[in-house]
Amino acid sequence: MNTPRFQKRTLFLIAYLVFAILPIYWMVNMSFKTNQEILSGFTLFPQDFTWDNYATIFTDASWRDGYINSLTFVAINMVITLTVALPAAYAFSRYRFIGNKHIFFWLLTNRMTPPAIFLLPVFQLYTTLGLMDTHIAVAMAHLVFTVPLAVWILEGFMSAVPREIDETAYIDGYSFPRFFVTIFLPLIKPGVGVAAFFCFMFSWVELLLARTLTSVDAKPIVATMTRTVSAAGMDWATLAAAGVLTIVPGAIVIWFVRRYIAKGFAMGRV
Amino acid sequence: MNDELKPVNQKAWLLVLPVVLVMAFVSVLPLMTVVNYSVQDILAPGRSVFVGTYWFAEVMRDQSLHAALWRQLMFSLAVLAVQIPLGILLALSMPAHGWKASAVLVLVALSLLIPWNVVGTIWQIFARSDIGLLGVTLAHLGFDYNFTGNATHAWLTVLVMDVWHWTPLVALLCYAGLRSIPDAYYQAARIDGASKFAVFRYIQLPKLRGVLMIAVLLRFMDSFMIYTEVFVLTGGGPGSATTFLSQYLTTKAVGQFDLGPAAAFSLIYFLIILLLCFILYNWMQRVGTAAKEPTK
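As structure tokens, then:
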């Protein structure tokens, strides 16, 4: 209806997308160059196109293990997070009980705690328990920020489901667990997807705790990268290739949940 | 959500219990350890003296902490001042339907998925004035740009990097908020002949209040805890131009034998975030309700 205005917005969008893509393009660009080309000068395209950097990652065990380690603890983290967050989010969205608001806010304060604070105590705690350098240790350390976020998102999705559905199911003689799994969960599937995505995102990219809690057996890909920077004398090309590969799982996940990605926040409380 | 309509049911506690137990283990227990350290002077492993609030007083007097806190505040405010309007604008510009909407959504969200140290690494190269696109372009335009040597340039580079990295989060939230506005509102506005700005000010902005609150809070707390990206990009330098609180804390904690001061610092840091988030939350809620009143 208002064409010039619309065009201005499109122009802005294109400008922003260019700004958003350029650094990523630069990384992709670097991943196809040799180290020598990266450091010797400025080139917009790889002059000397090579797949070697990717080959290095796929053939070197430490890179490959890092990738698998990251995927493992992220998966453990997602399972634990959703298992505890689903019932809690249901309780917050459906009932009032003593301290419900306080508990909810307390959960959110965990999201506000800088990971740097947990560094030392978490190190000692898991050393004492003999869990150092295991996937489960990293997964549990990451629960600090994934659980509050998951409860927050799921509560929003659940509140959008009319309460009448629960009541009808109970009248029809469904027990709570059966109702929850067979009727309620399918209704909030997008919410589960989005919560899982955010758990994935924050656990996948976290470095500080993951690096502190692991040394060899559970070393995540992000930590493998930092080691390469310091030890192998700035292997920029391999690093860039690894960076490209770390985006891939997230991009796949986001493609599946793209329609629902931020709905939970739009409906939630706070 | 209207809380008053919910039935009271104390059995709901059973559903919340797993979360409380898990969080007690992964969060409260470590936090208690920090509290424990913060009131002790550890002379040797197994030998410590109770010193009460000594470390807290010590940390509060620390001049470089004041400087780091001030830098941190300025940075977080700058982050909000740039990212919130930019995010809203971006959400308004994103197409609502069709394959274009999906494509734009994924492209916009891409930067959120990059591990934080990779973000730092990309920008480290990207901003170099000899081999990086940004650096070379700026140099070409005649700027004497050097983020490793010039404090202002370093600070601005960190800010631009953060804008690049996190504006998508604000945009995604606002985008979802905009999609939840019923079409009837727009039709009513069209009948009234409302301008685009009026539509934004009286329909879209009030409806975005909820998501904006979340966006502001998330961005505020996360920018207040920023560590990895800055650590990789500038290492806190040049000098201490980009040494923010987390950076300062880790340099203090790592390689130091006595854990007391670092623990006290951690707690003060946490309380500052909590306090500021609380103030921000209440202020936004007041602004929200004050803005709502006249329209009723």
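So the protein lines, in turn, are chains A and D. Read in the working numbering, the first sequence has 591 at position 242, and its numbers run on one by one without any break. Read in the working numbering, the second sequence has 65 at position 11, and its numbers run on one by one without any break. Even for Gly, the Cβ is constructed at its ideal location relative to N, Cα and C.
Exercise. In chain A, what lies closer than 7 Å to Ile364 (chain D) by C-beta?
Worked result: Because chain D in this structure spans residues 55 to 350, residue 364 (chain D) falls outside the shown range and cannot be described.
For this session: Using a Cβ cut-off of 8 Å (strictly closer), state whether Pro539 (chain A) contacts chain D.
Result: no
Exercise. Using Cβ-Cβ distances below 7 Å, what residues of the segment 580 to 605 of chain A are close to chain D?
Worked result: Trp585, Leu588, Gly592, Thr595, Ile596, Gly599, Ala600, Ile603, Trp604
Exercise. Is Ile168 (chain D) helix, strand or coil by DSSP?
Worked result: coil
For this session: Using a cut-off of 8 Å between C-beta atoms, extract the partners of Thr282 (chain D) located in chain A.
Result: Leu556, Leu557
Problem set entry | Proximal residues, the segment 386 to 400 of chain A versus chain D, C-beta separation under 7 Å | Ile387, Leu388, Gly390, Phe391
Exercise. Using the beta-carbon count (16 or more within 10 Å), is Gln64 (chain D) buried or exposed?
Worked result: exposed
For this session: Starting from the beta carbon of Pro372 (chain A), find every residue of chain D whose beta carbon is closer than 7 Å, and list them in chain order.
Result: Ile176, Trp177, Phe180, Trp218
For this session: Measure from the alpha carbon of Pro61 (chain D) to the alpha carbon of each residue in A:Ser442, A:Gly505, A:Phe391, then state which is nearest.
Result: A:Ser442
Problem set entry | Close-in-space but distant-in-sequence residues of the same chain around Val88 (chain D) (CB under 7 Å, 5 per side omitted) | Ala317, Ser320, Leu321
Exercise. Quick one: Cα of Ile327 (chain D) to Cα of Phe104 (chain D), how far?
Worked result: 27 Å
Problem set entry | Within chain A, partners of Pro72 (chain D) - CB distance below 8 Å | Thr432, Val433, Pro436, Ala437
Exercise. For Trp209 (chain D), which residues of its own chain have a beta-carbon under 7 Å away from its beta-carbon, when the five flanking residues on both sides are left out?
Worked result: Ala295, Thr296
For this session: For Lys568 (chain A), count neighbouring Cβ atoms within 10 angstroms of its own Cβ and tell me buried if that reaches 16, exposed if not.
Result: buried
Problem set entry | Start-to-end residues for the alpha helix (DSSP H) that takes in Phe251 (chain D) | 250 to 253
For this session: May I ask you to report which of helix, strand or coil DSSP gives Arg182 (chain D)?
Result: coil
For this session: Can you tell me which of the three DSSP states Val565 (chain A) falls into?
Result: coil
Problem set entry | At least three beta-carbon pairs within less than 8 Å, the segment 533 to 547 of chain A to the segment 490 to 508 of chain A | yes
For this session: Could you check what DSSP says for Val105 (chain D) in three-state terms: helix, strand or coil?
Result: coil
Problem set entry | For Arg445 (chain A): DSSP bridge partner residues | D:Val62
Problem set entry | Element boundaries [alpha helix (DSSP H), containing Asp276 (chain D)] | 263 to 278
For this session: List the residues of chain A that Ser156 (chain D) touches, going by C-beta distances under 7 Å, in chain order.
Result: Arg607
Exercise. With 8 Å set as the bound, which would you pick, yes or no: does the beta-carbon of Phe201 (chain D) sit closer than that to a beta-carbon of chain A?
Worked result: no
Problem set entry | Residue closest to Val631 (chain A), alpha-carbon to alpha-carbon, out of A:Met574, A:Ser564, A:Trp412, A:Ala545 | Outside the shown range of chain A, which is 350 to 619, sits residue 631 (chain A), and nothing can be said about it.
Exercise. What residues of chain D sit near Val496 (chain A), judged by a beta carbon separation below 7 Å?
Worked result: Val73, Val76, Met77
Problem set entry | For Ile537 (chain A), the three-state DSSP class (helix, strand or coil) | coil
Problem set entry | Residue environment, Val565 (chain A), which counts as buried when at least 16 other CB atoms sit within 10 Å | exposed
For this session: Please state if the CB of Gly592 (chain A) and the CB of Thr191 (chain D) are separated by a distance shorter than 8 Å.
Result: no
For this session: Kindly confirm or deny that the segment 191 to 206 of chain D and the segment 281 to 300 of chain D touch, where touching means at least three C-beta pairs closer than 8 Å.
Result: yes
Problem set entry | Distance, Trp501 (chain A) Cα to His151 (chain D) Cα | 27 Å
Exercise. Listing by chain order, which chain D residues have their CB less than 8 Å from the CB of Leu469 (chain A)?
Worked result: Thr87, Val88, Tyr91, Ala307, Leu313, Ala316, Ala317
Problem set entry | Any chain D beta carbon closer than 8 Å to Leu362 (chain A) | yes
For this session: Give a yes or no on whether 8 Å exceeds the smallest Cβ distance from Asn402 (chain A) to chain D.
Result: no
Exercise. Taking any Cβ of chain D, which residues in the segment 462 to 486 of chain A have a Cβ under 9 Å from it, in chain order?
Worked result: Thr462, Pro463, Pro464, Ala465, Ile466, Phe467, Leu468, Leu469, Pro470, Val471, Gln473, Leu474
Problem set entry | Candidates D:Ala145, D:Leu69, D:Val253: closest to Asp237 (chain D) by CA position | D:Val253
For this session: Identify the contact partners of Leu195 (chain D) in chain A, using a Cβ-Cβ distance below 7 Å as the criterion.
Result: By Cβ distance, chain A contributes nothing, its closest Cβ being about 14 Å from Leu195 (chain D), past 7 Å.
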